[in-house]
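Asks:
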Amino acid sequence: MLSGSAPIATDVLAFLRVAFSCPVVEGYGQTECVGGCCIQDLADPTMGHVGKPLPCNDIKLVDIPDMNYLASNKPYPQGEVCIKGANVFSGYYKSADKTAEALDEHGWLHTGDVGQIDELGNLKIIDRKKNLFKLAQGEYLAPEKLEQVLQTSPLIQQIYIHGDSFQSHIVAVVVPEPDAIKALGKDLGLSNADSVEALCKEPKVKEAYLKEMSKYGKGAKFRGFEYVKNVYLHPTAMSVENDLLTPTFKIKRPQAKKAFQEQLDAMYAEGIPGEKKE
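If you're matching positions, the sequence shown starts at 40 in the working numbering and goes up one per residue.
Right under this line is the structure:
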């Protein structure tokens with residue numbers, strides 16, 4: 040059995056291997072390299088990585104100095120994952136500009152993913168370079184990495200994290216899990232606990248969500264500027280139909296920014312809840 044498209048939790052992978060009593064391996068790749076470029080060895084019992092390169096392609100790591108991901112890092116080299124081989128595409132249809140962004144002059148596909156290679160040659164995806172933004176204090180941040188952590192909370196169905204170079208902190212748009220937010224409303228003793236839309240407007244619920252995200256941030260050892268400081272709870276799910284998700288269910292960040300611009304501006308105007316403005 041093969042898992043791909045998104046990282047699989049190691050406890051889930053271990054459970055599947057035991058439950059089905061067969062090799063269950065994780066692979067990695069992109070459409071631009073015909074789906075796969077790495078896969079775990081069938082005989083390798085370890086987890087938390089995507090294995091070694093396929094015979095048809097090579098992989099290298101390119102330094103990202105702004106994020107301190109360097110091929111010279113110890114104990115493991117780190118950097119942007121780049122792929123070259125017979126499986127790498129020749130370019131985007133009638134789009135020379137986008138092709139030039141993805142493929143360099145030597146034929147290396149720049150994935151936008153950040154990886155590290157262990158002592159056995161296994162690749163591990165650890166971050167994202169794409170959609171990187173800088174905050175006002177000069178710190179670089181990869182929102183998708185934070186979103187993956189926070190979305191593991193049972194209270195959160197979807198999350199979109201936003202920040203820019205004019206602000207010193209990040210904010211988020213969260214689509215709550217309907218049953219979870221209703222249960223939270225009852226625990227908080229709110230009279231409108233049966234209405235997701237009403238609960239999204241409750242200050243106590245918003246405070247509870249910020250505490251929840253802070254808890255998960257501490258568990259994942261977020262750096263100070265990686266903590267979400269304000270949140271807008273949105274009762275309607277982001278979807279392909281409302282043009283906020285791609286066909287592979289990834290957030291369309293430019294479209295999400297445009298759709299929630301009013302709420303993003305309001306959160307920054309409000310500042311950090313509980314913190315006095317100077």
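Every residue, glycine too, gets a C-beta built ideally from N, C-alpha and C.
1. I'd like the span of the alpha helix (DSSP H) that includes Val-188, first residue to last.
2. Could you round the C-beta distance between Asn-231 and Ala-222 to whole angstroms and report it? I think they count as a contact, below 8 Å.
3. Write down the C-beta distance between His-88 and Lys-184 rounded to the nearest angstrom, noting that I regard them as a contact closer than 8 Å.
4. According to DSSP, which residues form a beta bridge with Arg-167?
5. Classify Lys-257 as helix, strand or coil using the three-state DSSP reduction.
6. Thinking Leu-194 and Tyr-248 are a contact (beta carbons under 8 Å), I'd like their distance in whole angstroms, please.
7. Suppose you measure from the CA of Lys-356 to the CA of Gly-151; what does that come to, to the nearest Å?
8. What separation, rounded to the nearest whole angstrom, lies between the Cα atoms of Trp-147 and Asp-50?
9. By Cβ distance below 7 Å, which residues in the same chain neighbour Lys-245 in space, the five residues on each side in sequence not counted?
10. Residue range of the alpha helix (DSSP H) that Ile-220 falls in?
11. Taking the alpha-carbon positions, what's the Pro-319 to Gly-68 distance?
12. What span of residues does the alpha helix (DSSP H) with Leu-55 cover, start to end?
13. If you follow the alpha helix (DSSP H) that Tyr-307 is part of, which residue opens it and which one closes it?
14. Should the segment 119-138 be regarded as contacting the segment 53-66, the criterion being three or more beta carbon pairs within less than 8 Å?
15. Which residue comes first and which comes last in the alpha helix (DSSP H) that contains Val-235?
16. Which of the three DSSP states, helix, strand or coil, is assigned to Val-244?
17. Can you check which of these residues, Gln-197, Val-188, Lys-225, Asp-218, is closest to Ala-48 by C-alpha distance?
Replies: Once the coordinates are examined:
1. Indexing the sequence shown from 1 puts residue 188 at position 149. Segment 182-189, the alpha helix (DSSP H) holding Val-188.
2. In the sequence shown, the residue the question calls residue 231 occupies position 192. In the sequence shown, the residue the question calls residue 222 occupies position 183. Contact doesn't hold; Cβ gap of about 14 Å is too wide.
3. Residue mapping note: residue 88 aligns to position 49 of the sequence shown, counting from 1. Residue mapping note: residue 184 aligns to position 145 of the sequence shown, counting from 1. His-88 to Lys-184, Cβ: 17 Å. No contact.
4. Here residue 167 corresponds to residue number 128 of the sequence shown, with the count starting at 1. Under DSSP, Arg-167 shares a beta bridge with Asp-152.
5. Counting from 1 along the sequence shown, the entry for residue 257 is found at position 218. Looking at Lys-257 - three-state DSSP - the assignment turns out to be helix.
6. Taking the sequence shown and counting its residues from 1, one reaches residue 194 at position 155. Taking the sequence shown and counting its residues from 1, one reaches residue 248 at position 209. The pair is a contact, with the Cβ atoms about 6 Å apart (cut-off 8 Å).
7. As displayed, the chain neither begins before 40 nor continues past 317, which places residue 356 out of reach and without an answer.
8. Counting from 1 along the sequence shown, the entry for residue 147 is found at position 108. Counting from 1 along the sequence shown, the entry for residue 50 is found at position 11. So the alpha carbons of these two residues sit roughly 34 Å apart.
9. In the sequence shown, residue 245 corresponds to position 206, counting from 1. Sequence-distant partners of Lys-245 (beyond 5 residues in either direction) whose C-beta falls short of 7 Å from its own C-beta, in its chain, are Val-270, Leu-272.
10. As a first step, residue 220 must be located in the sequence shown, where it is residue number 181. Counting along the chain, the alpha helix (DSSP H) containing Ile-220 begins and ends at 217-226.
11. Outside the displayed span of the chain (40 to 317) sits residue 319, for which this structure offers no information.
12. Locating residue 55 in the sequence shown gives position 16, where the first residue counts as 1. Element bounds for Leu-55: 49-59.
13. As a working note, residue 307 is residue 268 in the sequence shown. Where Tyr-307 is concerned, the enclosing alpha helix (DSSP H) starts and stops at 300-309.
14. With the cut-off at 8 Å, the segment 119-138 and the segment 53-66 do not touch.
15. For the purposes of this step, residue 235 is taken as residue 196 along the sequence shown, with counting starting at 1. For Val-235, the enclosing alpha helix (DSSP H) stretches over residues 235-238.
16. As a position in the sequence shown, residue 244 is number 205, starting the count at 1. DSSP places Val-244 in helix when its eight states are reduced to three.
17. Reading the sequence shown from its first residue, position 9 is the one you call residue 48. The shortest C-alpha separation from Ala-48 is found at Val-188.
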